[in-house]
Each structure stands twice: as structure tokens, then as C-alpha cells.
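Engineer: Numbering (this note's numbering), first residue to last: 166 to 246. C-beta: ideal position from N, C-alpha, C; glycine also. Predicted model only: the values in this text are computed from it and were never measured.
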């Protein structure tokens, strides 16, 4: 089974814009999509057959121990069935 893995993250402070565009004469509206500051990471996996049910979403940094735990507890049990 061929599996693709890609750790990704989003930081809320990056999503806040200091400038905006609007029509001439109209004041731009200010929107905040992410209210709390922080970072959210995701560890998904997809195979040639489709997405695997082993996605983790967490608020800490991805390190070797967390990645190995994800492999052992979530991804590997779903492979070669």
C-alpha cells in the first residue's frame, strides 16, 4: 500500500490582515476568522484508494516522538488490510 503523509499547520496570527480593499467610498469591513492566537497542526494520510481514517489535529509542535506515536497508533494499523 502506497501512502502519502504531509504534516501541515495554521497559525492564527498570520491570518489577520492590517489592510483591506473595498469599493470606492465604502469602508472595508474587518473580519477575524480565527479569534484565538495559537497554532493548529494536522497529520493526515492518503492512499491511492483515498483518505485513511487516521488524521490527528493537535495544538503542539510536531516532533519525532509525536510522529512515531501517530505512525504506530493510527496509521500502521490501517495499512495492509
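1. Taking residue 207 as the reference, which of 223, 242, 234 and 189 has the closest Cα?
2. Out of 212, 221 and 215, point me to the one whose CA is closest to residue 205's CA.
3. Considering only the beta carbon of each residue, do residue 243 and residue 218 sit closer than 8 angstroms?
4. Between which two residues does the beta strand (DSSP E) containing residue 204 stretch?
5. Can you tell me the Cα-Cα spacing of residue 213 and residue 239, whole angstroms?
Structural biologist: In short, the structure shows the following:
1. Checking every option, the nearest Cα to that of residue 207 belongs to 223.
2. If we check each option's Cα against that of residue 205, 221 comes out closest.
3. A contact, by the Cβ cut-off of 8 angstroms.
4. Run containing residue 204: 204-208, per the beta strand (DSSP E) assignment.
5. Counting only the Cα atoms, residue 239 lies some 18 angstroms from residue 213.
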